[in-house]
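Numbered according to mature numbering (1 follows the signal peptide of the UniProt record, and there is no 0), the sequence shown spans residues -24 to -1, 1 to 160. Data first, discussion second: the structure below is written as structure tokens.
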Amino acid sequence: MRKFSVVLLSLAFLLAFQVGSAFADSKLDNTISKLIGIDYDYGGTTTSGFDCSGFTGYVFKKLGVELPRSSREQFAVGKKVARDDLRPGDLVFFNTNGSGVSHVGIYVGQNKFAHASTSKGVTITSLSESYYAKRYLGARRVLDAGTFEEVATEQPATVAAAKPAPADKVELTAAPPVDGTVVE
């Protein structure tokens, strides 16, 4: 019985780490993944260093969406979203200095958001982490339905591209001779 419990627990542990975000093969995920670990730089808007709104602006620009420069201005765009209705790509906002909107990140699914942290640089953090949970102000949806499908969901083309063509659909052609002569 003990062996069975250990095997079952090991399997559950393995599966827990195999489950990725809701958008694991999306353009949004791929864009953010490349930026994890970049240092925080106040006023930064490039891969040399980001502040929070510089990070969100950079990511969305890569996805074809222009955002205003500051977190306060970004809070004024898009559609208000309830916390229970968050989906990947939504902007999440926080009051970190006691004077209203002062921090922004990008919701990535599974109750987590990507942001440029002053202490950790670009990172992924849980919305439930006490520091952010106490300071959460709200969220805005800046991606329309079509753009969301394009950038924040797994791309079917990548799944289709991985499948080989059926054998009866493959057309074989002969390669030309190496010496350049034409064979008819």
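Note that the Cβ used here is the ideal one computed from N, Cα and C, for glycine as well.
Contact under 7 Å by Cβ, residue i with residue j
i: Leu4; j: Ala128; result: yes
i: Phe31; j: Ala115; result: no
i: Tyr16; j: Gly97; result: yes
i: Gln50; j: Ser29; result: yes
i: Glu130; j: Ser2; result: yes
Strand pairing of residue i, partner residues [DSSP]
i: Arg116; result: Lys56, Leu67
i: Ala92; result: Val98
i: Gly81; result: Val68
Length of the line joining the Cα atoms of residue i and residue j
i: Ile14; j: Val53; result: 26 Å
i: Leu11; j: Phe69; result: 20 Å
i: Leu62; j: Gly85; result: 8 Å
i: Arg111; j: Ser104; result: 11 Å
i: Lys56; j: Ser106; result: 23 Å
DSSP-derived helix/strand/coil call for residue i
i: Phe51; result: coil
i: Val35; result: helix
i: Ala109; result: helix
i: Ile8; result: helix
Local Cβ density within 10 Å of residue i, reported as buried at 16 or more and exposed below that
i: Ala90; result: buried
i: Ser78; result: buried
i: Asp27; result: buried
i: Thr134; result: Any reading at Thr134 must be qualified, since the residue scores a pLDDT of 44, below 50, and its modelled position is unreliable; no value is offered.
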